[in-house]
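Trainee: Chains W and H, in that order, give the protein sequences. Just so it is clear: in the first sequence, position 16 is 16 by full-length UniProt numbering, and no numbers are missing. Just so it is clear: in the second sequence, position 208 is 208 by full-length UniProt numbering, and no numbers are missing. All C-beta atoms in this analysis are idealised placements derived from N, C-alpha and C, irrespective of residue type, glycine included. Please read these numbers as outputs of a predicted model, since none were measured by experiment. Quick one: the structure is below, questions incoming.
Protein chains: 2
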Amino acid sequence: MKVLIVEDDPLHRSYLHEAVNAALPECDTVIEAENGTAGEKLARDHKSAHIVMDLQMASRNGIEAARTIWKERPETRILFWSNYSDEAYVRGVSRIVPDGAAYGYVLKSASDERLKLALRSIFIESQCVIDREVRGLQQKSLGQTNGFTDSEYEILVDIALGLTDRAIAKRRGLSLRSVQNRLQQLYDKLDVYQTAGDDHEDGRFNLRARAVTIAFLRKLLNYSALERAEAELQEWLDGK
Amino acid sequence: MKVLIVEDDPLHRSYLHEAVNAALPECDTVIEAENGTAGEKLARDHKSAHIVMDLQMASRNGIEAARTIWKERPETRILFWSNYSDEAYVRGVSRIVPDGAAYGYVLKSASDERLKLALRSIFIESQCVIDREVRGLQQKSLGQTNGFTDSEYEILVDIALGLTDRAIAKRRGLSLRSVQNRLQQLYDKLDVYQTAGDDHEDGRFNLRARAVTIAFLRKLLNYSALERAEAELQEWLDGK
DNA sequence: AAACAAGCTGCGGGTTTACGCAAGACGGCG
DNA sequence: CGCCGTCTTGCGTAAACCCGCAGCTTGTTT
């Protein structure tokens, strides 16, 4: 059995290496990559079936890498090992995991024991292991209550990118009014009004900008999500 | 000699601990804190004069902590040890360092050797040690060319928070038109137009939102800067 | 089939933004 | 002192944004 580790930080990488050795005696080879790009390449070359991967990496982040890896071989088992449980990450991962694939999401703050258990569960038993904290987010995020629909999230990303209503309409194939409808819906859910008007007339917020701010503060968006969205946007722009 | 380490990540913390021991034989005590709040408290209790600190921490980030520590005892020597050289961090640090204080900014990607050297330079020789990469940013950031004035940065933060022109005017004691002037200035510097109109009429951006996006992508803003700004805003709002 | 909820769309109007134009205000400089 | 560059402010306009109202198209429920 072979395990591929994809992780930026040398300290964390060697820690993972040890953890893998300790948890999986049946594993005879461990290979390492220090960024997403290298990770993809190694996964392809070695036909890796077992991967442990960080989400936040400079060159090409974990979600990007995982997507292309899973596209090539959907049965690959991936354990995401991340510092954060940003809703943006959780949503990003949920979007790309293939049907029936075994994967895991464990926080770096988890104990050695938990990490080892997760390694065995996923790689040996093919079971999904999602950190409790992440699980909670996932439920409320994908469930309708208090969560955001895909279309709501989509428009959130669009205004975060700085598109005008008109541009969004064109991009998503909607009328201007529909875009604005969705915006209102979004403003509602993000509670932009509460913080906005308050009592006085003066403390007003710019709804559109404020929505993005709140989304950021709530980690519904983060840098990596923005980066990804920006890349998609450019792609779309080039395709006229 | 006593050294205080303030760092989230246990692995990095113990690495730092070892590095300090190796680099500073004259150091007899090392104490550790795992977040900014605890760091402040320990610094106060122990009257720490030598601190190594991460910037990105969950509970209270390094900049916040450093500010209050320096406020109480400006001669404290602090070495910032960070993963990133976001312009937002660099600017944040430059703002709070007291006149003549010895401090350092070293990236986590630096070699053991560099870290040890920095430790000795700052704590023993009272010299400032700024990572080359960070230094570059600092120069161009604070120098006028291609850098952002304080007033430009200020208004960038304000729109990133989602304030309206009117609210900004009130907050900063300016007229509406002046606020809009500064916005235009900002749009210019951020090159919002280039990406905006391009050729066609359709691909238009919402300048205000786009400026924030670009600032984020360029790491002129980041989560921690936003968080800080939001806290200041709330404070201002409460003070009517 | 009728009833209903949910989403898309056009219309209209009130507000906010973006910005050109031009008139002061302030600080250096020859 | 007068000249000049930078910053501020008011006026005015065109565009973009926010949103209530109402008519339509769906898919779902009873």
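Quick check on the burial criterion: 16 or more other C-beta atoms within 10 angstroms. Buried or exposed for residue 150 (chain W)?
Mentor: Within the first sequence, the letter at position 150 stands for residue 150 (chain W). By the neighbour-count rule (16 or more Cβ atoms within 10 Å), residue 150 (chain W) is not buried but exposed.
Trainee: Starting from the Cα of residue 57 (chain W), find the closest Cα among W:29, W:39, W:177, W:107 and give me that residue.
Mentor: By 1-based counting over the first sequence, the position of residue 57 (chain W) is 57. Residue W:39 is the option with its Cα nearest to residue 57 (chain W).
Trainee: Any beta carbon of chain H sitting closer than 7 Å to that of residue 159 (chain W)?
Mentor: Residue numbering aside, residue 159 (chain W) sits at position 159 when the first sequence is read from its first letter. Yes, residue 159 (chain W) lies at the interface with chain H (some Cβ there is under 7 Å from its Cβ).
Trainee: Closer than 7 Å, CB to CB, is residue 80 (chain W) near chain H or not?
Mentor: Along the first sequence, one-based indexing puts residue 80 (chain W) at 80. Residue 80 (chain W) does not count as touching chain H.
Trainee: Using 7 Å as the limit for Cβ to Cβ distance, is residue 205 (chain W) near chain H?
Mentor: By 1-based counting over the first sequence, the position of residue 205 (chain W) is 205. Output row for residue 205 (chain W): interface = yes.
Trainee: Tell me the DSSP secondary structure of residue 97 (chain W) in three-state form.
Mentor: Counting from 1 along the first sequence, the entry for residue 97 (chain W) is found at position 97. It is coil, neither helix nor strand.
Trainee: What are the complete alpha helix (DSSP H) segments, minimum 4 residues, inside the UniProt domain "Response regulatory" (2-123) of chain H?
Mentor: List check, alpha helix (DSSP H) in window: 10-23, 36-46, 62-72, 87-96, 112-123.
Trainee: Mind reading off the beta-carbon distance from residue 33 (chain H) to residue 24 (chain H)? Whole number of angstroms is fine, and I expect it under 8 Å.
Mentor: The residue labelled residue 33 (chain H) in the question sits at position 33 within the second sequence. The residue labelled residue 24 (chain H) in the question sits at position 24 within the second sequence. Residue 33 (chain H) to residue 24 (chain H), Cβ: 18 Å. No contact.
Trainee: Below 7 Å CB to CB, which residues in the same chain sit around residue 93 (chain W) once its five sequence neighbours on both sides are set aside?
Mentor: The count along the first sequence starts at 1 and reaches residue 93 (chain W) at position 93. So the list reads 63, 80, 105, once near-sequence residues are dropped.
Trainee: Output the distance between the C-alpha atoms of residue 169 (chain H) and residue 46 (chain H), rounded to the nearest integer angstrom.
Mentor: On the second sequence, residue 169 (chain H) is found 169 positions in, with the first residue counted as 1. On the second sequence, residue 46 (chain H) is found 46 positions in, with the first residue counted as 1. Distance between the alpha carbons of residue 169 (chain H) and residue 46 (chain H): 44 Å.
Trainee: Tell me which residues share the same chain as residue 189 (chain H) and place their Cβ nearer than 7 Å to its Cβ, disregarding the 5 neighbours each side in the sequence.
Mentor: Along the second sequence, one-based indexing puts residue 189 (chain H) at 189. Same-chain partners within the cutoff: 148, 152.
Trainee: Could you name the residues of the same chain whose beta carbon sits closer than 8 Å to that of residue 221 (chain W), not counting the 5 residues immediately before and after it, in chain order?
Mentor: Residue 221 (chain W) sits at position 221 when you count from the first residue of the first sequence. Hits under 8 Å: 88, 156, 157, 160, 212, 215.
Trainee: Starting from the beta carbon of residue 12 (chain W), find every residue of chain H whose beta carbon is closer than 7 Å, and list them in chain order.
Mentor: In the first sequence, residue 12 (chain W) corresponds to position 12, counting from 1. What residue 12 (chain W) touches in chain H: 11.
Trainee: Measuring straight from C-alpha to C-alpha, what distance separates residue 5 (chain H) and residue 110 (chain H)?
Mentor: Within the second sequence, the letter at position 5 stands for residue 5 (chain H). Within the second sequence, the letter at position 110 stands for residue 110 (chain H). Computed Cα separation, rounded: 18 Å.
Trainee: Within the same chain, show all residues whose beta-carbon is closer than 6 Å to that of residue 207 (chain H), passing over the 5 residues directly before and after it, in chain order.
Mentor: Residue mapping note: residue 207 (chain H) aligns to position 207 of the second sequence, counting from 1. 187, 192, listed in sequence order.
Trainee: Buried or exposed: where does residue 70 (chain W) fall if 16 or more other Cβ atoms within 10 Å of its Cβ makes it buried?
Mentor: Taking the first residue of the first sequence as position 1, residue 70 (chain W) is located at position 70. When all chains shown are included, residue 70 (chain W) counts as buried.
Trainee: Can you give the Cα-Cα distance for residue 116 (chain W) and residue 137 (chain H), rounded to whole angstroms?
Mentor: To locate residue 116 (chain W), count along the first sequence from 1; it is residue 116. To locate residue 137 (chain H), count along the second sequence from 1; it is residue 137. Going by the C-alpha atoms only, they are around 41 Å apart.
Trainee: Which residues in the same chain as residue 90 (chain W) place their Cβ atom closer than 7 Å to its Cβ, once the five residues preceding and following it in sequence are excluded?
Mentor: Locating residue 90 (chain W) in the first sequence gives position 90, counting from the first residue. Closer than 7 Å at the Cβ level, and outside the excluded window around residue 90 (chain W), lie 134, 137, 138, 141.
Trainee: Classify residue 75 (chain H): buried if its beta carbon has 16 or more other beta carbons within 10 angstroms, exposed otherwise.
Mentor: Here residue 75 (chain H) is taken as the residue at index 75 of the second sequence, counted from 1. Burial call: exposed.
Trainee: Using a Cβ-Cβ cut-off of 7 Å, state whether residue 199 (chain W) counts as contacting chain H.
Mentor: Taking the first residue of the first sequence as 1, we reach residue 199 (chain W) at position 199. Residue placement at residue 199 (chain W) is flagged as unreliable, the pLDDT there being 49, under the threshold of 50; a coordinate-derived value is accordingly withheld.
Trainee: If I follow the unbroken alpha helix (DSSP H) through residue 204 (chain W), where does it start and stop?
Mentor: Taking the first sequence and counting its residues from 1, the one referred to as residue 204 (chain W) is at position 204. Careful: residue 204 (chain W) lies outside any alpha helix (DSSP H) and carries neither H nor E.
Trainee: In chain H, which residues lie with their C-beta within 9 Å of the C-beta of residue 162 (chain W)?
Mentor: Along the first sequence, read from residue 1 onward, the residue named residue 162 (chain W) stands at position 162. Ordered by position in chain H, the residues that pass the 9 Å Cβ test against residue 162 (chain W) are 192, 195, 196, 205, 206, 207, 208, 209, 210, 211, 212, 213, 214.
Trainee: Does residue 156 (chain W) come out as helix, strand or coil in the three-state DSSP assignment?
Mentor: Counting from 1 along the first sequence, the entry for residue 156 (chain W) is found at position 156. Here residue 156 (chain W) sits in helix by DSSP.
Trainee: Measure the beta-carbon distance from residue 130 (chain W) to residue 102 (chain W) and round it to whole angstroms, keeping in mind my assumption that it falls under 8 Å.
Mentor: Walking along the first sequence from the start, residue 130 (chain W) turns up at place 130. Walking along the first sequence from the start, residue 102 (chain W) turns up at place 102. Residue 130 (chain W) to residue 102 (chain W), Cβ: 11 Å. No contact.
Trainee: Exposed or buried, which one is residue 99 (chain H) when buried takes at least 16 other CB atoms within 10 Å?
Mentor: Along the second sequence, one-based indexing puts residue 99 (chain H) at 99. So residue 99 (chain H) counts as exposed.
Trainee: With residue 82 (chain H) and residue 119 (chain H) assumed to form a contact (beta carbons below 8 Å), what rounded beta-carbon distance in angstroms separates them?
Mentor: By one-based count along the second sequence, residue 82 (chain H) stands at place 82. By one-based count along the second sequence, residue 119 (chain H) stands at place 119. So it is not a contact: roughly 15 Å between Cβ atoms.
Trainee: Which same chain residues end up closer than 6 Å to residue 234 (chain H) when comparing Cβ atoms and leaving out the 5 residues on each side of it in sequence?
Mentor: Against the second sequence, residue 234 (chain H) aligns to sequence position 234. Here the set comprises nothing.
Trainee: Could you tell me whether any Cβ in chain H is nearer than 7 Å to the Cβ of residue 167 (chain W)?
Mentor: Counted from its first residue, the first sequence places residue 167 (chain W) at position 167. Cβ-Cβ to chain H under 7 Å: yes for residue 167 (chain W).
Trainee: Assuming residue 73 (chain W) and residue 51 (chain W) are in contact, meaning their beta carbons sit under 8 Å apart, how far apart are those beta carbons, in whole angstroms?
Mentor: Within the first sequence, numbered from 1, the residue matching residue 73 (chain W) stands at position 73. Within the first sequence, numbered from 1, the residue matching residue 51 (chain W) stands at position 51. About 11 Å separates the two Cβ atoms, so there is no contact after all.
Trainee: Please determine, among W:65, W:204, W:124, the residue with the shortest C-alpha to C-alpha distance to residue 228 (chain W).
Mentor: On the first sequence, residue 228 (chain W) is found 228 positions in, with the first residue counted as 1. Nearest C-alpha to residue 228 (chain W): W:65.
Trainee: Using the Cα positions of residue 226 (chain W) and residue 22 (chain H), report the straight-line distance between them to the nearest angstrom.
Mentor: Translated into the one-based positions of the first sequence, residue 226 (chain W) becomes position 226. Translated into the one-based positions of the second sequence, residue 22 (chain H) becomes position 22. Going from the Cα of residue 226 (chain W) to the Cα of residue 22 (chain H) covers about 41 Å.
Trainee: I'd like to know whether the C-beta of residue 119 (chain H) is nearer than 7 Å to at least one C-beta of chain W.
Mentor: Walking along the second sequence from the start, residue 119 (chain H) turns up at place 119. It does not: the Cβ of residue 119 (chain H) has no partner Cβ on chain W nearer than 7 Å.
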